Each structure stands twice: as structure tokens, then as C-alpha cells.
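Input: a single structure, listed below in C-alpha cells.
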Amino acid sequence: MKEATLLQFLLGIIVCSTLFFCTNAEDPYLFYTWEVTYGTRAPLGVPQQVILINNQFPGPPIEAVTNNNIVVNVINHLDEPFLITWHGIMQRRTSWQDGVLGTNCPIPPHSNWTYKFQVKDQIGTFMYYPSTLMHRASGGFGAFNINQRSVISIPYPAFDEDVTLLVGDWYIKGHKALQKQLDSGLDLPLPDGLLINGVSNFTFTGQKGKTYKFRVTNVGISTSINFRIQGHPMTLVEVEGCHTLQEVYESIDIHAGQSIAVLVTLHGSVKDYFIVASTRFTKPILTTTGILLYQGSQTPPSLPLPVAPTYHVHWSMKHARTIRMNLTANAARPNPQGSFHYGAIKVVRTILLANEKVEINDKLRYAVNGISYVDPATPLKLADWFNIPGVFVLNGTKDAPPSGPPTLGVSVIGLTLHDFVEIVFQNTEKTIQSWHLDGYNFFVAGYGGGNWTTDVRRRKRYNLVDAVSRNTVQVYPKSWTSILVSLDNKGMWNLRSQTWSKRYLGQGVYLRVWNDEKSLYTETDIPPNALFCGKAVQS
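Residue numbering for the sequence shown is -25 to -1, 1 to 514, as defined by mature numbering (1 follows the signal peptide of the UniProt record, and there is no 0).
Dropping the structure here:
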């Protein structure tokens, strides 16, 4: 009897140990091999050179699940160095995979590099695109969707199908011609048109009575868009990984680099309807239309198109304030996403970033707090890791706009890991801006016209309860936008304009989020396949 009991005990230990290791196994891997090439397409009806990934334009989507490990082998067949950045993917504890020139050496022509990262504790609608030169203007972009694990319920009504729409402006000129124009000191004109999923005649077929989740991303390089579907209200459910209050919209503004997800129920008569995207704050307004086909329909869509919002900034600003976080919803984990009471956290530092159009050496540039950013030959992350001198000066960019003429330089702001920081974007330009922060989501606390000041009345207008959490925010013409961010992700992170010509001409900075703890719990080591360039070649 004692022998039987001992045997049962030992078997129990084996079973428990097996279960422990099974339940703590590594999360699934998704493997991709992407060949980046030039090809010919006619997105606006005119044959032109575009950048393809695996012969696709737009590039192939990544459909992941929370905590998946992503491995992407990028083979660069172009004639120029190339990088892809993962817009909105936080990459916890590793800015090594960010795919911008401040963190990575570019992939040389006719060679490859493999990205490896985890979509840790994330859900939502995101994208990827080239970060080098003006490549993004010729393609190389695609969708990056992260779905919830099966054990986590969605905090909105069930839907029948997931539909991804990549909407954005497009130039017939290729990236090299656009780059040459910028290098000559001239700004870019209004784009030639708008595309939906890389075409100007997009069509989607749905079935009456069914509900569809439309993931809509503005992949354009310059303009804000307004999106609407004729005769079909849209229920907003998610913005860049944040579940929102389920407000219903007839149309919705999506600024450069932003993503949303809406539910649309096909409740109309069995006919066809227009899907419409048009630019905001441009003269003239550019418009593209797609078609929502009801299955079995014999009736084409009819004019007029659904009405666009007014040109006025006031409407869009009021509209933006209605997008708020759903405090009762879960997120990637089974805890309420609103459980983080950001409004009760003390702000330890305020950074006011004034950005403007300037001339330096008789050439058009864009500057932030007096510095127009220029990428050094050595990535900032490598210089920081190996203590390489002469690449950048920490805190060369000040916390407020300085006096004096702007200069060319390398902008790096030093910040402390786990600090809670207020960043205010002051737009002195007459055009709308859009700003993105790699590695983070932040709380959009407030918008306002004119100049931001430290007057307490400004902050009294902040939303400190249910502000939406996102990674890209608009700044209206001659206005300001304030964000609050918890610096919980160590690394060198790019804060940049999503108007790609402005970013190319210097409108951006890097945030060095750091502490002196050397631990894999705060930051991973340099990857074994890291590329070296500039002064780092000697390290």
C-alpha cells in the first residue's frame, strides 16, 4: 500500500511538472520572409514604379494574436539601403527592432536582415512601412493587426468578418523624384489622389444583416482624411489598441498615421453604396470612392455622395474630443484598461515642443525647438550602447523653444525610466500636423487653439479621466495638443512628424528613456544579428 501511494505521489509530481512546463511554454511564433523589390503598378491609372513586398502592393498583412513572437526576414532587392518600422507596435524592452535610423543600421542593397520581436500584451489595428529616405511615398507599407486571445472576450458586439482598409494620399512621382524636389529646397505639392488598399476603385461585397469590423488606417504621407460609408452609421470600438466608448459616427476624421476600428451593420436595401474618403484641410479637397456591394444587388450606387464635414478646424477638434476610452472594457489581458488612473499621477516634467517651417543654408527645413534633425551615420542606439563619443549630445534639445535661429543637429532628449511626463506640441504652422511616438501609447489630454502656456486654466481643460490612449496624435493649425505618457519602456525612441516630407526635412526628435540598471527585465541585450555602421563598425 505504501509503495502504491509513493508511486501515485511520484506520478503526480511528473504530471504537475508537465502541466507547469506546458502552460508556461513560449508563445507561438509567426515567420515571414519578405522580398522587397521595385515593380510597376498604376494606382491612379498611370503606370509608375512602386515598392513591392513579395510582389504585393500594399504589402502582405500581418495577422497576429496577443503575445505572438514575430520573425520577419527582410530581403532588400532595392538599389538603396532600406528599413521597415512597426508603427504602433510597442516592442517591450527592446528598441533594437524599431526599424528607424536612430536605432538600426539600414539593410544594405541586395542583402537581408531579420527582425525578431513580440507583440506583448497588445491588441489592435496598426501598420508597417519603410522609414528610410522617402521610400514610404512609393509603397512598402501594409497592415499589422493584433487580435485578442481566444480566452479574452471582445468588449463589443460580435461581428461576422474583419475587413482591413489602408487609406491614404498618393503621388504619381516616385520616391526619388520627391526626394530630389525636397533636397532642392522645394516643398511638395498636394498629392495627386487618394487610394483605398492601393487602388482607386476598391470594392467590398457584404451580406445584408451581417455586421463587419472595418479596420481603417491612414497610410498617407501628408494629409488627414475623413472616412464615411453612404447610408451606414459606424460604431467606433477601437483606436490603436485602445477600446473606446462605442459612439456612433456618420463620418470620422483619421489623421496621418492613425488607425481606427468601426462596426458597420448592413441594414440597408439590397443595393450598392459608396465608400468615401476625402482629404481634410486641403484646397482643393481630394476624394476617392469605393463600392460597398450588397450580395445579390443589381442596383449601382447613386449620387450624391455622403456630405463631408466643413473645412473648419473647430468641427474636427470637437469631433476628436468625443473619442474617449471605455473604462469598463478589458484589453489584451483580463483587466479593465481603465484601471490605470493616469489623472492622479504627478507629472514630473513638462516638455513643450514648438515645430516650425524654416530656412537653413537657404534650403527648406523643419525644426523642433530650434534644431532640424539630421540622422548621423551611426545610429543613436548603437552610440549609446557602446559609449561612442561624437554622435549626439544628450539634452541638446531643450524642454522649451529657445531663442535664436534654428540649426541642423541631432536631437536627443534624456528622460528617466518610469517618469510620468507631459509633452505639448505647439503648432506654429498653418497646416495640420500629426505626431507619432515609437514604443509607446500615450493619453491625449487636451487640444486647444493659439499658444499653450503654463497657465492652470489650460490644464483645467484636460481630460484626466477617460482620454483615449493612442500612439499618433494630430495638432491643428496654429494650435496645441497635450499628451501624458508613462515612460515604462526603456530605449531610444523616435518622436516624429507623420507628414513624411517634414520628417525627412528634420521635424523629429529622439527620446532616450534610461536608467542605470543593467537587467533583461528593463532592456534586452543587443541582438546577435545586429548590423553595424558608422563609428559602430569599429566597436
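Even for Gly, the Cβ is constructed at its ideal location relative to N, Cα and C. The structure displayed is predicted, hence computed values, not measured ones.
Review point. For Pro18 versus Gly173, is the C-beta distance shorter than 7 Å?
Key: Translated into positions along the sequence shown, residue 18 becomes position 43. Translated into positions along the sequence shown, residue 173 becomes position 198. Closer than 7 Å, so yes.
Exercise for review: Determine contact between the region 190 to 199 and the region 228 to 235, defined as no fewer than three beta-carbon pairs at a distance below 8 Å.
Suggested key: These segments touch.
Point to revise | Closest residue to Lys258 among Gly74, Phe179, Asn344 and Gly168 (Cα-Cα distance) | key: Counted from its first residue, the sequence shown places residue 258 at position 283. Just measuring C-alpha positions, the residue of Gly74, Phe179, Asn344 and Gly168 sitting nearest Lys258 is Gly168.
Check your understanding: Fully enclosed by the region 183 to 242, which beta strand (DSSP E) runs are 3 residues long or longer?
Key -> Counting only runs of 3+ residues, the beta strand (DSSP E) found wholly inside the region 183 to 242 occupies 186 to 193, 199 to 204, 209 to 214, 227 to 229 and 234 to 240, in chain order.
Exercise for review: Note down the Cα distance separating Leu140 from Pro364, rounded to an integer number of angstroms.
Suggested key: The sequence position of residue 140 within the sequence shown is 165, counting from 1. The sequence position of residue 364 within the sequence shown is 389, counting from 1. Their backbone Cα atoms lie some 45 Å apart in a straight line.
Review point. Hey, how far is the Cα of Ser386 from the Cα of Gly483?
Key: Sequence index remark: in the sequence shown, residue 386 carries index 411 (1-based). Sequence index remark: in the sequence shown, residue 483 carries index 508 (1-based). Taking the straight line from one Cα to the other gives about 8 Å.
Exercise for review: Compute the Euclidean distance between the alpha carbons of Pro166 and Lys246, then round it to the nearest angstrom.
Suggested key: Here the question's residue 166 lines up with position 191 in the sequence shown. Here the question's residue 246 lines up with position 271 in the sequence shown. A straight line joining the alpha-carbon of Pro166 with that of Lys246 spans about 32 Å.
Exercise for review: Can you give me the start and stop residues for the beta strand (DSSP E) that Asp144 sits inside?
Suggested key: Residue numbering aside, residue 144 sits at position 169 when the sequence shown is read from its first letter. Where Asp144 is concerned, the enclosing beta strand (DSSP E) starts and stops at Glu136 to Trp145.
**Study point:** Best match in Gly243, Thr297, Ala505 and Val282 for proximity to Gly271 [C-alpha to C-alpha]
**Key:** What you label residue 271 is simply residue 296 of the sequence shown in a count that begins at 1. Checking every option, the nearest Cα to that of Gly271 belongs to Gly243.
Review point. What residues in its chain sit with their C-beta under 7 Å from that of Thr210, if we drop five residues either side in the sequence?
Key: The residue you call residue 210 lines up with position 235 of the sequence shown. Cβ neighbours of Thr210 beyond the five flanking positions: Gln221, Val223, Val237 and Leu238.
Review point. Cβ atoms of Val419 and Ile458: under 7 Å apart, would you say?
Key: Here residue 458 refers to the residue found at position 483 of the sequence shown. Here residue 419 refers to the residue found at position 444 of the sequence shown. With contacts defined as CB atoms closer than 7 Å, Ile458 and Val419 qualify as a contacting pair.
Point to revise | Three-state secondary structure (DSSP) of Phe432 | key: Numbered from 1 along the sequence shown, position 457 holds the residue referred to as residue 432. It is worth fixing the name first, because residue 432 is Arg in this sequence and not Phe. Helix at Arg432.
Review point. Just reading off the beta strand (DSSP E) that Met102 is part of, what are its end residues?
Key: Residue mapping note: residue 102 aligns to position 127 of the sequence shown, counting from 1. Counting along the chain, the beta strand (DSSP E) containing Met102 begins and ends at Gly99 to Pro105.
Check your understanding: Quick one, which of Glu334, Pro452 and Pro351 has its alpha-carbon nearest Asp162's?
Key -> For this step, residue 162 is matched to residue 187 along the sequence shown. Considering only Glu334, Pro452 and Pro351, the residue with the shortest C-alpha distance to Asp162 is Glu334.
Point to revise | N- and C-terminal bounds of the beta strand (DSSP E) containing Gln154 | key: Taking the first residue of the sequence shown as 1, we reach residue 154 at position 179. Where Gln154 is concerned, there is no enclosing beta strand (DSSP E), although the alpha helix (DSSP H) it sits in stretches over His150 to Asp158.
Point to revise | DSSP state of Asp247 mapped onto helix, strand, coil | key: Mapped onto the sequence shown, residue 247 falls at position 272. Asp247 falls in the strand class under three-state DSSP.
Review point. Thinking C-alpha only, which one of Ser461, Lys465, Lys338 and Leu302 is nearest Pro130?
Key: By 1-based counting over the sequence shown, the position of residue 130 is 155. The shortest C-alpha to C-alpha distance from Pro130 to any of Ser461, Lys465, Lys338 and Leu302 is the one to Leu302.
Check your understanding: In or out: Gln473 buried (at least 16 other Cβ within 10 Å) or exposed?
Key -> As a position in the sequence shown, residue 473 is number 498, starting the count at 1. Of the other Cβ atoms in all chains shown, 16 or more fall within 10 Å of the Cβ of Gln473; this residue is therefore buried.
Check your understanding: Starting from His411 and walking both ways along the beta strand (DSSP E), at which residues does that stretch end?
Key -> For this step, residue 411 is matched to residue 436 along the sequence shown. Here the beta strand (DSSP E) through His411 covers Gln408 to Leu412.
Practice item. Using only alpha-carbon positions, find the residue among Val448, Ser409 and Gly20 that is nearest to Lys148. Key: In the sequence shown, residue 148 corresponds to position 173, counting from 1. Cα-wise, what sits closest to Lys148 is Gly20.
Exercise for review: Can you tell me which of the three DSSP states Ala118 falls into?
Suggested key: What you label residue 118 is simply residue 143 of the sequence shown in a count that begins at 1. Looking at Ala118 - three-state DSSP - the assignment turns out to be strand.
Check your understanding: Which whole-angstrom value is the C-beta distance of Phe6 and Ile64, which I expect to be below 8 Å?
Key -> Residue mapping note: residue 6 aligns to position 31 of the sequence shown, counting from 1. Residue mapping note: residue 64 aligns to position 89 of the sequence shown, counting from 1. 17 Å between Cβ atoms; not a contact.
Check your understanding: So which of Pro284, Val49, Leu241 and Pro275 has the shortest CA-CA distance to Ile260?
Key -> The count along the sequence shown starts at 1 and reaches residue 260 at position 285. Measuring from the Cα of Ile260, the nearest candidate turns out to be Pro284.
Practice item. Using a threshold of 7 Å, state whether the C-beta atoms of Leu268 and Lys183 are closer than that. Key: Residue numbering aside, residue 268 sits at position 293 when the sequence shown is read from its first letter. Residue numbering aside, residue 183 sits at position 208 when the sequence shown is read from its first letter. No, these two residues do not count as a Cβ contact at 7 Å.
Check your understanding: Hey, quick one: how far does the alpha helix (DSSP H) through residue 557 stretch, first residue to last?
Key -> Here the chain covers residues -25 to 514 and nothing more, so residue 557 does not appear.
Point to revise | Beta-carbon separation (whole angstroms), Ile298 vs Thr219, contact threshold 8 Å | key: Taking the first residue of the sequence shown as position 1, residue 298 is located at position 323. Taking the first residue of the sequence shown as position 1, residue 219 is located at position 244. Contact flag correct, Cβ pair sits at about 6 Å.
**Study point:** Limits of the unbroken alpha helix (DSSP H) element including Tyr496
**Key:** For the purposes of this step, residue 496 is identified with residue 521 of the sequence shown, where counting begins at 1. Looking at the DSSP string, Tyr496 is not in any alpha helix (DSSP H), and its letter there is neither H nor E.
Check your understanding: Which of helix, strand or coil does DSSP assign to Trp290?
Key -> Position 315 of the sequence shown holds residue 290. In the displayed model, Trp290 falls within a helix according to three-state DSSP.
**Study point:** Sequence-distant residues of its chain with Cβ nearer than 6 Å to Asp54 (five each side left out)
**Key:** On the sequence shown, position 79 is the one that residue 54 refers to. Answer for Asp54: Pro84, listed in chain order.
Exercise for review: Please state if the CB of Met467 and the CB of Leu392 are separated by a distance shorter than 7 Å.
Suggested key: Counted from its first residue, the sequence shown places residue 392 at position 417. Counted from its first residue, the sequence shown places residue 467 at position 492. Result no, Cβ atoms of Leu392 and Met467 do not sit closer than 7 Å.
Review point. Which of helix, strand or coil does DSSP assign to Lys(-24)?
Key: For the purposes of this step, residue -24 is taken as the residue at position 2 of the sequence shown. Model confidence at Lys(-24) stands at a pLDDT of 42, short of 50, so the residue's coordinates are unreliable; what they give is reported in the following sentence. Helix.
Practice item. For Gln123, collect the residues of the same chain with a Cβ closer than 8 Å to its Cβ; drop the 5 residues on either side in sequence, then sort them by chain order. Key: Taking the sequence shown and counting its residues from 1, the one referred to as residue 123 is at position 148. Within the same chain, Gln123 has close Cβ partners Val40, Thr41, Ile98, Ile129 and Ala307.
Point to revise | Cβ-based neighbour list, Tyr479, same chain, cut-off 8 Å, excluding 5 preceding and 5 following | key: As a working note, residue 479 is residue 504 in the sequence shown. Non-local C-beta neighbours of Tyr479 in its own chain, meaning closer than 8 Å and more than five positions away in sequence, comprise Leu108, Met109, Gln154 and Leu157, ordered along the chain.
**Study point:** Three-state secondary structure assigned by DSSP to Arg67
**Key:** As a first step, residue 67 must be located in the sequence shown, where it is residue number 92. Arg67: coil per DSSP, three-state reduction.
Practice item. Can you say whether Leu495 is buried or exposed, counting buried as having 16 or more other CB atoms within 10 angstroms of its CB? Key: Taking the first residue of the sequence shown as 1, we reach residue 495 at position 520. Counting Cβ neighbours within 10 Å, Leu495 comes out exposed, since fewer than 16 surround it.
Exercise for review: Answer yes or no: do Gly265 and Ile171 have a C-beta to C-beta separation smaller than 7 Å?
Suggested key: The residue labelled residue 265 in the question sits at position 290 within the sequence shown. The residue labelled residue 171 in the question sits at position 196 within the sequence shown. Yes.
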